[in-house]
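Going by the numbering used here, the first residue of the sequence shown is number 393, and it counts up by one from there. Quick reminder that beta carbons are idealized off the backbone N, C-alpha and C, glycines included.
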Amino acid sequence: MAKIRLLVDTDIIIDQLKGIKSAKELFRSPDFVLYCSILSKKELISKPGLDASERKKIAKLMNTLKVLKIDENILAKYSFLVKKYGENQNFFADYIIAATAWAKDLPLLTRNISHFKKIKEIVLAPTY
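Spelled out as structure tokens, the structure:
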């Protein structure tokens with residue numbers, strides 16, 4: 393059986409770091425291949441006040457994910473989304489995540505449904 397590929401948003405990674413049962417099950421499951429944007433990695437490791445053990449925990453978790461760098465295709469799709477849906481600075485990070493999902497043809501798993509439901513170019517995966 394083919395594995396299910398998902399782009400996980402930062403909030404899902406945070407759930408895993410917090411030990412939320414459903415997130416832990418997702419990350420442990422052999423049925424999924426999990427990806428994240430380099431932007432999610434940046435958001436996690438640049439959080440103010442992290443101590444060395446928290447940084448180590450984040451780094452270890454990042455090693456279990458396929459981290460996607462921002463390439464020309466993602467940038468082009470990001471630009472399209474900004475033009476189509478508006479230049480609201482509060483959504484620029486979400487547009488990068490959405491552009492990554494779109495460019496890599498990955499369903500997006502997020503609890504922030506309201507941030508992404510208007511973006512018709514992507515598929516939202518059912519949240520646990």
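About 20 angstroms separates the Cβ atoms of Ile430 and Ala415, ruling out a contact at the 8 angstroms cut-off. Leu467 and Lys496 have their C-alpha atoms roughly 12 angstroms apart.
As DSSP reads the structure, Arg447 sits in no beta bridge. The C-beta distance from Ile511 to Ala490 rounds to 5 angstroms, short enough to fall under 8 angstroms.
Secondary structure of Ser432 (DSSP, three-state): helix. DSSP places Lys416 within a helical segment (H, G or I) once states are collapsed to three. With fewer than 16 other beta carbons inside 10 angstroms of its own, Ile437 counts as exposed. In this structure, the alpha-carbon of Lys395 lies about 10 angstroms from that of Leu426. With a threshold of 16 other beta carbon atoms within 10 Å, Ser432 meets it and is buried. It is roughly 12 angstroms from the alpha-carbon of Arg397 to the alpha-carbon of Leu418. Note: Arg397 is bridge-paired with Val425 in the DSSP secondary-structure output.
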